[in-house]
Structures are given as C-alpha cells and as structure tokens.
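S.K.: Structure below; questions to follow.
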Amino acid sequence: MAKVTFIGLGVMGYPMAGHIAKKGDHELTVYNRTTAKAEKWAKEFGGNFATTPKDAAKGADFVFTCVGNDDDLRSVTTGADGCIQSMRSGAILIDNTTASAGVARELADACRNVGAGFVDGPVSGGQAGAENGVLTVMCGGAEEDFRRAEPVIMHFARAARLMGPAGSGQLTKMVNQICIAGLVQALSEGLAFAQKAGLDTEAVFDVISKGAAGSWQMENRHKTMAKDEFNFGFAVDWMRKDLGICLEEANANGAHLPVTALVDQFYSQIQKRGGNRFDTSSLITLLRD
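According to the working numbering, the sequence shown is numbered sequentially starting from 1.
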C-alpha cells in the first residue's frame, strides 16, 4: 500500500484524487486551501485531510499537486508550509498544474535537494475527463520517477507519456493549448459562416466532422455553440492564463505564434464583456455583432 497525498481539490483535483482513492489500494491524505472542501472529500472517499501542505506530505510516497498557477504552486510546495520540506527521501512529487516550464524546473531542483523525485504532469481532457478518469497526462522528469508514478497516475488517466526532462510536460501542454486556440477559433468562424449562409448547421457539422476538418472541438461543441450555451468546461480565465504561459515561452525560445496571440486578444474581449467563466467555445459570440 502506497501513501499518497493530493494537494488542490478544485474542479480537476477533487475527482482526480477521488479516482486514486477508489481505484488504488492507497492510504490517501488531501489538502485544500478551503479546509471544508478537504473535509467533504475525506468524508466522501474515506481518506484523511491535513490543514497544511507540509503536514499532508509527511511520510507520503507520492505527492500530487493540482492548483491554479505558478504562484499557487510555489506556495504549496516551497512556501512556508510547503510540502517539499516534509517529503521523505525517495518520495516523488507529481505536479498536475498547468504552469510554466520554468517553475517545473525549479521544483525538480527543490525536490532533488531533499532526495525526492519530480514529475511535471499537466493534464488535458477538462472537467469531464477528470470526473470520468480519462485524462491525458503529458510528463516531464527522470524516467525512473515517471515509471514509479505511472501506475498511480493511471488511476485518473487513459494515457500518460514521458516527453523528456523536467519541464517537458509543461511544454507539451503548451503545444496542446496552442492547437486548441486555433481550432476553436476556426470552428467559431465556420459555424458563423454556416449560420449566415442559412445552412442546417447540425447537418453541416455532421458531414464535415467525418472528413479532414473533424476534431474533438467540432464533435463536442458545435451544437452547444449554436445554442449559445457556454458552460461546458474550461473557462476563458484559465485559457487566458494558459495562453499567457505559451506566449511568454514563445518569446523566450523564438517561436512565432501569430494566431495564438490573436486568439488571446479575442478571449480578452470576452473577459471585458463579463464572460470570464464562459467556456472557451464562447469565441463564437465575437462573430455575432
């Protein structure tokens, strides 16, 4: 039986930790900034909860983190009550936050200093993927650490792959978000065009989804977009955070991301209209004025 800690019980972390509890023979301790949520989780899944990340990680074999951004991540890992200072030698920190590659490398160094391993493992699949335990996990770190952590990761994932050294998981997640940004904008334009042309949009997307234009976004979002329903997943605020990370990394490595930069501006317009919590398919609203 492995001792597992999970830090961060948001819309992703709560069900991810739940899958570890339900599917694995593990002793699980959770931490959340709002203690009431940790208590609720422990009552639902039968685990334990701690009041600080430091206490949560004591004696753990695997420590998972899934929080909002770089600053949140530093707070729960290397902050005053951070988990790394109490991790035992040989333990592994697996970070599922979508964060910068730079902070992943920082955490790898911090873990190495206490004799622990580190894997950056941002996820794709959204809230539904977390709830159904079918996330895709893009990992960076030492192969030995990844292989040890992989069986626990697979409790909430359908696929996990090591992409390279620490930071490589975050860089791969950036590629994912860059692709999604362009796809959602293209789908928005295609839908807006079809509506202006007077076409039966359901018929249009049913047929073209079977050809080269097909995508997850088309399959899962064209109907809700046509109905102006935008409460089906990843929020605009979080997408802007992710695209900001992508653009900052591109500025550092010299990559040119003109479409990504443009779509980021479009999401900024949606925020200014009060659509912060709309899902990313709300780009269509900018084409209806």
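No residue lacks a Cβ here, since even glycine has one placed at the ideal position from N, Cα and C.
1. Using the rule of at least 16 other Cβ atoms within 10 Å of the residue's Cβ for burial, across every protein chain shown, is residue 228 buried or exposed?
2. Whose C-beta lies closer than 7 Å to the C-beta of residue 109 among residues of the same chain, with five residues either side of it excluded?
3. What's the gap between the Cα of residue 264 and the Cα of residue 1?
4. Compare the Cα-Cα distances from residue 250 to each of 40, 111, 174 and report the closest residue.
5. Which word fits residue 256, buried or exposed, when buried means at least 16 other C-beta atoms lie within 10 angstroms of its C-beta?
6. Please say whether residue 10 and residue 83 have beta carbons closer to each other than 8 Å?
7. To the nearest angstrom, how far is it from the Cα of residue 56 to the Cα of residue 14?
8. Compare the C-alpha of residue 136 against each of 143, 121, 142, 147 and name the closest.
9. Are the CB atoms of residue 138 and residue 97 within a distance shorter than 8 Å?
10. Straight-line CA distance for residue 225 to residue 272?
11. Are the segment 150 to 167 and the segment 15 to 25 touching by the rule of at least three beta carbon pairs closer than 8 Å?
12. When we look at the beta-carbon of residue 205 and count the other beta-carbons within 10 Å, is it buried (16 or more) or exposed?
13. Which residue comes first and which comes last in the beta strand (DSSP E) that contains residue 93?
14. In whole angstroms, what is the alpha-carbon distance linking residue 285 and residue 248?
15. Find the nearest neighbour of residue 187 within the set 287, 34, 37, judged by alpha-carbon distance.
16. Rounded to whole angstroms, how far is the Cβ of residue 243 from the Cβ of residue 181, which I believe are closer than 8 Å?
17. Return helix, strand or coil for residue 244, following the three-state DSSP convention.
18. Could you give the DSSP three-state label for residue 74: helix, strand or coil?
19. DSSP three-state call for residue 229: helix, strand or coil?
20. According to DSSP, which residues form a beta bridge with residue 263?
21. Which whole-angstrom value describes the C-beta separation of residue 118 and residue 145, a residue pair presumed to lie in contact below a C-beta threshold of 8 Å?
22. Which whole-angstrom value is the C-beta distance of residue 92 and residue 148, which I expect to be below 8 Å?
23. With DSSP as the reference, please indicate the residues paired to residue 239 in a beta bridge.
24. Using three-state DSSP, classify residue 163 as helix, strand or coil.
25. Tell me whether residue 269 is buried or exposed, calling it buried when 16 or more other Cβ atoms sit within 10 Å of its Cβ.
26. Closest by CA to residue 233, which one among 141, 190, 277, 5?
27. Mapping the DSSP letters down to three states, classify residue 111 as helix, strand or coil.
28. For residue 26, which of helix, strand or coil comes out of DSSP?
29. Report the CB separation of residue 7 from residue 76 in whole angstroms; it is logged as a contact under 8 Å.
30. Could you spell out where the alpha helix (DSSP H) holding residue 154 opens and where it closes?
31. Can the beta-carbon of residue 201 be found less than 8 Å from the beta-carbon of residue 212?
M.R.: On the basis of the data shown:
1. The residue labelled residue 228 in the question sits at position 228 within the sequence shown. By the 10 Å Cβ count, residue 228 comes out exposed.
2. Numbered from 1 along the sequence shown, position 109 holds the residue referred to as residue 109. Result list for residue 109: empty, nothing under 7 Å.
3. Position 264 of the sequence shown, counted from the start, is the residue given in the question as residue 264. Position 1 of the sequence shown, counted from the start, is the residue given in the question as residue 1. Roughly 45 Å between the two C-alpha positions.
4. Position 250 of the sequence shown, counting from 1, holds the residue named residue 250. For the residues 40, 111, 174, the minimum Cα distance to residue 250 belongs to 174.
5. Along the sequence shown, one-based indexing puts residue 256 at 256. Under this definition residue 256 is an exposed residue.
6. As a position in the sequence shown, residue 83 is number 83, starting the count at 1. As a position in the sequence shown, residue 10 is number 10, starting the count at 1. Cβ distance not < 8 Å, so residue 83 and residue 10 don't count as in contact.
7. The sequence position of residue 56 within the sequence shown is 56, counting from 1. The sequence position of residue 14 within the sequence shown is 14, counting from 1. Roughly 15 Å between the two C-alpha positions.
8. Translated into the one-based positions of the sequence shown, residue 136 becomes position 136. Residue 121 is the option with its Cα nearest to residue 136.
9. As a working mapping, residue 97 is identified with position 97 in the sequence shown. As a working mapping, residue 138 is identified with position 138 in the sequence shown. Against a cut-off of 8 Å, the Cβ pair of residue 138 and residue 97 comes out as no contact.
10. Here residue 225 refers to the residue found at position 225 of the sequence shown. Here residue 272 refers to the residue found at position 272 of the sequence shown. The straight-line gap separating the alpha-carbon atoms of residue 225 and residue 272 is approximately 20 Å.
11. yes
12. Translated into positions along the sequence shown, residue 205 becomes position 205. Per the 10 Å Cβ criterion, buried.
13. Here residue 93 corresponds to residue number 93 of the sequence shown, with the count starting at 1. Note, residue 93: beta strand (DSSP E), 92 to 95.
14. Counted from its first residue, the sequence shown places residue 285 at position 285. Counted from its first residue, the sequence shown places residue 248 at position 248. Approximately 27 Å between the Cα atoms of the pair.
15. Working through the sequence shown from its first residue, we reach residue 187 at position 187. Of the candidates 287, 34, 37, the one whose C-alpha sits nearest the C-alpha of residue 187 is 287.
16. By one-based count along the sequence shown, residue 243 stands at place 243. By one-based count along the sequence shown, residue 181 stands at place 181. Yes, they are in contact, since the Cβ atoms of residue 243 and residue 181 sit about 6 Å apart, within 8 Å.
17. For the purposes of this step, residue 244 is taken as residue 244 along the sequence shown, with counting starting at 1. Helix at residue 244.
18. Residue mapping note: residue 74 aligns to position 74 of the sequence shown, counting from 1. Looking at residue 74 - three-state DSSP - the assignment turns out to be helix.
19. The residue labelled residue 229 in the question sits at position 229 within the sequence shown. Coil, per DSSP.
20. Taking the first residue of the sequence shown as position 1, residue 263 is located at position 263. Residue 263 is not bridged to any residue.
21. Position 118 of the sequence shown, counted from the first residue, corresponds to residue 118. Position 145 of the sequence shown, counted from the first residue, corresponds to residue 145. Sure, about 7 Å apart at Cβ, within 8 Å.
22. Locating residue 92 in the sequence shown gives position 92, where the first residue counts as 1. Locating residue 148 in the sequence shown gives position 148, where the first residue counts as 1. Confirmed, about 6 Å.
23. For the purposes of this step, residue 239 is taken as the residue at position 239 of the sequence shown. The bridge partners DSSP lists for residue 239 come to none.
24. Within the sequence shown, numbered from 1, the residue matching residue 163 stands at position 163. Residue state, collapsed to three classes: coil.
25. As a working mapping, residue 269 is identified with position 269 in the sequence shown. Its Cβ having fewer than 16 others within 10 Å, residue 269 is exposed.
26. Position 233 of the sequence shown, counted from the start, is the residue given in the question as residue 233. Closest option to residue 233, Cα to Cα, is 277.
27. On the sequence shown, position 111 is the one that residue 111 refers to. Residue 111: helix per DSSP, three-state reduction.
28. The residue you call residue 26 lines up with position 26 of the sequence shown. DSSP places residue 26 in strand when its eight states are reduced to three.
29. Along the sequence shown, one-based indexing puts residue 7 at 7. Along the sequence shown, one-based indexing puts residue 76 at 76. Sure, about 5 Å apart at Cβ, within 8 Å.
30. Start at 1 with the first residue of the sequence shown, and residue 154 comes out as number 154. Neither: residue 154 is in no alpha helix (DSSP H) and is coded neither H nor E.
31. As a working mapping, residue 201 is identified with position 201 in the sequence shown. As a working mapping, residue 212 is identified with position 212 in the sequence shown. Not a contact, by the Cβ cut-off of 8 Å.
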